[in-house]
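Undergrad:
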Amino acid sequence: MQFVFRRRWLRTALTCLLACAFVRPALAAEPDPITADAPLRWYRGNLHTHSLWSDGNDFPEMIAEWYRTHGYQFLALSDHNVLSAGERWMSWSRIEKRGHPEALKKYLARFGEHWVETRGDRTQDTLEVRLKPLDEFRHLVEERGQFLMIPSEELSDAVDGKPLHINIANVQELIQPLGGATMREAMAADLRAVEEQERQSGKPLLAHLNHPNFYWAVTAEDIAAVINERFVEVYNGHTGVNNDGDEHRAGMEEIWDIANTLRIAELNAAPLMGLATDDSHHYDGAQEQRPGRGWIMVRARHLTPDSLVRAIKAGDFYASTGVTLTDVRYDATSRTVSLEIEPQADAEFTTRFIGTPRNAPLEGKDRTDGAGAALDTTKKYSPEIGRTFAEVKGASATYQLTGEELYIRAIVTSSLAHPDPSLAGQLQQAWTQPVGWSLKTDATPSQ
Ligand SMILES: [Zn+2]
Ligand SMILES: [Zn+2]
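According to our numbering, the sequence shown is numbered sequentially starting from 7.
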């Protein structure tokens, strides 16, 4: 009996030893080593999103969770003139008015009653929910190399009742809109404030102009003239921002080409780079301003706000509403732009290389409405501005500049429809940045 007991004891001890020996190396190993010299890779993200902190209709963690689980690696919540910081409670009756009656139920179901903070009583109509600040909830949703939150705001300015909205990614402290007598003055003042914060904080900030056609507020000539503005939304997924223009006014693609042409040819200034964003407000699945319509792909080595912002500022990114590029590059020696498109089901791809010839006429004419009255909007220019230089079918496309072009950019259009379009007949697309442009170095300063 004693012998049997000892044998059992011995077997138990041996089993334990073996188990420990098996487990110990796994415990000792670093679970997720930091790559010493990370290679370049593409990161997908959306830089324009709204939450309950301003006029969105969901909690910030829920929105982050949506993007995290839908193939994104970074997200900037950009609420109007507010940073998600400090203590903030919101009444349930106000949240309910945003048309998302399930918001609290879903929030509780996803993150649990030990995370979600409420006070008051629903039956007494005194229920309030705490909106978590970014510096608190980011630790819950972020994962190194996998998902990152970028602090941001949508600086929301106005001139003569027209909106001027500028998103500021990697913002360190809230920047308030400064206004101005004209759209150009306000834009320049707001951008100077961004540059000032960059100097003071030592951090790279990214300012990009949002939806210029929202209320037809910002013209191509305005965008061209404020040369510190280097980034603009060529696609914004909000259905109310006149992305495609209308029968009397220019759409965003046309505005982008006009502004870039005026800059290079007349102002001796660098062209603007184009972004696609969601500008999402609604996460209830029913209302219109939904997430997932437009994003940017950034080629960087590290998934950090500074690394991403620097890559974007260097132009190493493209905008997309569904088309994925595995490579896009410009060889300055051979003056060749080339891109590779990731195959997708039975999609067929058409790449158009768009630019403006050096000898294009630059005079614009006032546009008029149906009754012939002049419109305060981007002027009408020669069709030579933003014309197609070449069209290529297939999964790779190359264009060699002849010297005739002021710049060249590529737009890839898939034969596949956008799964959640904001525009009629919208197909999936990708936009690359203007390349092949140069500025006169001997230009004498204007008097
Ligand atoms: Zn806006
Ligand atoms: Zn917005």
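Idealized CB from N, CA, C, for every residue including glycine.
Owing to the predicted nature of the structure, the values given are computational and were not obtained by experimental measurement.
1. Give me, in chain order, the residues of the same chain whose beta-carbon lies closer than 7 Å to that of residue 222; leave out the 5 immediate sequence neighbours on both sides.
2. According to DSSP, residue 303 sits in a beta bridge with which residue or residues?
3. Give a single yes or no on whether residue 159 has its beta carbon closer than 7 Å to a heavy atom of ligand 1.
4. Excluding sequence positions up to five away, which residues of its chain have a Cβ less than 8 Å from the Cβ of residue 27?
5. Using alpha carbons as the reference points, say which of 73, 218, 183 and 174 lies closest to residue 147.
6. Going straight from the alpha carbon of residue 89 to that of residue 81, what length do you get?
7. Considering only heavy atoms of ligand 2, does any lie closer than 7 Å to the CB of residue 365?
8. Closest by CA to residue 92, which one among 322, 136 and 339?
9. Using three-state DSSP, classify residue 333 as helix, strand or coil.
10. In whole angstroms, what is the alpha-carbon distance linking residue 55 and residue 385?
11. Rounded to whole angstroms, how far is the Cβ of residue 185 from the Cβ of residue 192, which I believe are closer than 8 Å?
12. Is the beta carbon of residue 390 sitting closer than 8 Å to the one on residue 362?
13. To the nearest whole angstrom, what separates the beta carbons of residue 176 and residue 311, a pair I think is in contact under 8 Å?
14. Might you give, ordered along the chain, the residues of its own chain that have their beta carbon closer than 6 Å to the beta carbon of residue 228, omitting 5 neighbours on each side?
15. So, using beta-carbon positions, are residue 341 and residue 406 closer together than 8 Å?
16. Considering only residues of the same chain and omitting the five flanking positions on each side of residue 214, which have a CB-CB separation below 6 Å?
17. Within the present structure, is the beta-carbon of residue 288 separated from the nearest heavy atom of ligand 2 by less than 7 Å?
18. Give the C-beta separation of residue 302 and residue 324 to the nearest angstrom, bearing in mind that I take them to be a contact with Cβ-Cβ under 8 Å.
19. Give every residue of the same chain whose Cβ lies closer than 6 Å to the Cβ of residue 268, excluding the five residues on either side of it in the sequence, and list them in chain order.
20. For residue 332 and residue 86, I'd like the C-alpha separation in whole angstroms.
21. Please identify the residue among 38, 37, 48 and 106 whose C-alpha is closest to the C-alpha of residue 57.
22. Which word fits residue 262, buried or exposed, when buried means at least 16 other C-beta atoms lie within 10 angstroms of its C-beta?
23. Considering Cα atoms alone, identify which of 415, 118, 373 and 276 is closest to residue 319.
24. Got a sec, what are the start and stop residues for the beta strand (DSSP E) residue 437 sits in?
25. Would you list the one or two residues that DSSP bridges to residue 172?
26. Looking at residue 433 and residue 420, is the spacing between their C-beta atoms short of 8 Å?
27. Between the alpha carbons of residue 108 and residue 196, how many angstroms are there, rounded?
28. Relative to ligand 3, is the shortest distance from any of its heavy atoms to the C-beta of residue 52 smaller than 7 Å?
29. Answer yes or no: the CB of residue 216 versus the heavy atoms of ligand 1, is any distance below 7 Å?
30. Is residue 56 a contact residue of ligand 2, with contact defined as CB to any heavy atom under 7 Å?
31. Have a look at residue 198 and residue 438 and give me their C-alpha separation to the nearest angstrom.
32. What is the rounded straight-line gap between the Cα of residue 446 and the Cα of residue 274?
33. Would you give the residue range spanned by the alpha helix (DSSP H) that residue 365 belongs to?
34. Closest by CA to residue 252, which one among 373, 296, 352 and 309?
35. By Cβ distance, which residues of its chain are closer than 6 Å to residue 24, with the 5 residues on each side in sequence left out?
36. Residue 286 and residue 243 look like a contact to me (Cβ under 8 Å); what is the Cβ gap, rounded to whole Å?
TA: Quick look at the numbers:
1. Taking the first residue of the sequence shown as position 1, residue 222 is located at position 216. Contacts found: 248, 255 and 383.
2. Position 297 of the sequence shown, counted from the start, is the residue given in the question as residue 303. The partner list for residue 303 (beta bridge, DSSP) reads 50 and 324.
3. Translated into positions along the sequence shown, residue 159 becomes position 153. Residue 159: no, Cβ never under 7 Å from ligand 1.
4. As a working mapping, residue 27 is identified with position 21 in the sequence shown. Only weak support exists for where residue 27 lies, its pLDDT of 48 falling under 50; the value from the coordinates is given anyway. Closer than 8 Å at the Cβ level, and outside the excluded window around residue 27, lies no residue.
5. Here residue 147 refers to the residue found at position 141 when the sequence shown is read from its first residue. Of 73, 218, 183 and 174, the residue nearest in Cα terms is 73.
6. Counting from one through the sequence shown, the residue named residue 89 turns up at place 83. Counting from one through the sequence shown, the residue named residue 81 turns up at place 75. Answer to the nearest angstrom: the Cα atoms are 14 Å apart.
7. Within the sequence shown, the letter at position 359 stands for residue 365. Because no heavy atom of ligand 2 lies under 7 Å away, the Cβ of residue 365 does not count as near it: no.
8. Taking the sequence shown and counting its residues from 1, one reaches residue 92 at position 86. Closest by alpha carbon: 136.
9. As a position in the sequence shown, residue 333 is number 327, starting the count at 1. Three-state DSSP puts residue 333 in a strand.
10. Indexing the sequence shown from 1 puts residue 55 at position 49. Indexing the sequence shown from 1 puts residue 385 at position 379. In a straight line, the C-alpha of residue 55 is about 31 Å away from that of residue 385.
11. Counted from its first residue, the sequence shown places residue 185 at position 179. Counted from its first residue, the sequence shown places residue 192 at position 186. Indeed they touch by this definition, with Cβ atoms about 5 Å apart.
12. Numbered from its first residue, the sequence shown carries residue 390 at position 384. Numbered from its first residue, the sequence shown carries residue 362 at position 356. Yes, the Cβ-Cβ distance between residue 390 and residue 362 is below 8 Å.
13. Locating residue 176 in the sequence shown gives position 170, counting from the first residue. Locating residue 311 in the sequence shown gives position 305, counting from the first residue. Going by Cβ atoms, the distance from residue 176 to residue 311 rounds to 5 Å, so yes, they are a contact pair.
14. On the sequence shown, position 222 is the one that residue 228 refers to. Here the set comprises 189 and 190.
15. For the purposes of this step, residue 341 is taken as residue 335 along the sequence shown, with counting starting at 1. For the purposes of this step, residue 406 is taken as residue 400 along the sequence shown, with counting starting at 1. Cβ atoms of residue 341 and residue 406: closer than 8 Å.
16. Taking the sequence shown and counting its residues from 1, the one referred to as residue 214 is at position 208. Closer than 6 Å at Cβ, skipping near neighbours: 173, 237 and 281.
17. Translated into positions along the sequence shown, residue 288 becomes position 282. Residue 288 Cβ: outside cutoff for every heavy atom of ligand 2.
18. Within the sequence shown, numbered from 1, the residue matching residue 302 stands at position 296. Within the sequence shown, numbered from 1, the residue matching residue 324 stands at position 318. Between residue 324 and residue 302 the Cβ distance is about 7 Å, and since that is below 8 Å, they are a contact.
19. The sequence position of residue 268 within the sequence shown is 262, counting from 1. Same-chain partners within the cutoff: 230.
20. The residue you call residue 332 lines up with position 326 of the sequence shown. The residue you call residue 86 lines up with position 80 of the sequence shown. When only Cα atoms are considered, residue 332 and residue 86 end up about 34 Å apart.
21. Locating residue 57 in the sequence shown gives position 51, where the first residue counts as 1. Measuring from the Cα of residue 57, the nearest candidate turns out to be 106.
22. As a working note, residue 262 is residue 256 in the sequence shown. Buried is the call here.
23. Within the sequence shown, residue 319 is the residue found at index 313, counting from 1. Ranking 415, 118, 373 and 276 by Cα distance to residue 319 puts 276 first.
24. Along the sequence shown, read from residue 1 onward, the residue named residue 437 stands at position 431. Start and end: 433-437.
25. As a position in the sequence shown, residue 172 is number 166, starting the count at 1. Looking at the DSSP assignment, residue 172 forms a beta bridge with 161 and 215.
26. Translated into the one-based positions of the sequence shown, residue 420 becomes position 414. Translated into the one-based positions of the sequence shown, residue 433 becomes position 427. Yes; because the gap between Cβ atoms is below 8 Å, this pair is in contact.
27. By one-based count along the sequence shown, residue 108 stands at place 102. By one-based count along the sequence shown, residue 196 stands at place 190. In a straight line, the C-alpha of residue 108 is about 38 Å away from that of residue 196.
28. Ligands displayed in this structure: ligand 1 and ligand 2; ligand 3 is not among them.
29. As a position in the sequence shown, residue 216 is number 210, starting the count at 1. Yes, the beta carbon of residue 216 sits closer than 7 Å to at least one heavy atom of ligand 1.
30. For the purposes of this step, residue 56 is taken as the residue at position 50 of the sequence shown. Yes, the Cβ of residue 56 comes within 7 Å of a heavy atom of ligand 2.
31. As a position in the sequence shown, residue 198 is number 192, starting the count at 1. As a position in the sequence shown, residue 438 is number 432, starting the count at 1. Spanning the two alpha carbons is a distance of roughly 27 Å.
32. Taking the first residue of the sequence shown as 1, we reach residue 446 at position 440. Taking the first residue of the sequence shown as 1, we reach residue 274 at position 268. Each residue's Cα considered, the two are about 6 Å apart.
33. Stepping through the sequence shown from its first residue, residue 365 is reached at position 359. Looking at the DSSP string, residue 365 is not in any alpha helix (DSSP H), and its letter there is neither H nor E.
34. Taking the sequence shown and counting its residues from 1, one reaches residue 252 at position 246. Of the candidates 373, 296, 352 and 309, the one whose C-alpha sits nearest the C-alpha of residue 252 is 373.
35. Working through the sequence shown from its first residue, we reach residue 24 at position 18. Confidence is the limiting factor: at residue 24 the pLDDT is only 49, short of 50, which leaves the residue's position unreliable, though a coordinate-based value still follows. Counting only Cβ-Cβ distances below 6 Å, and skipping sequence neighbours, we find nothing.
36. Here residue 286 refers to the residue found at position 280 when the sequence shown is read from its first residue. Here residue 243 refers to the residue found at position 237 when the sequence shown is read from its first residue. Contact flag correct, Cβ pair sits at about 7 Å.
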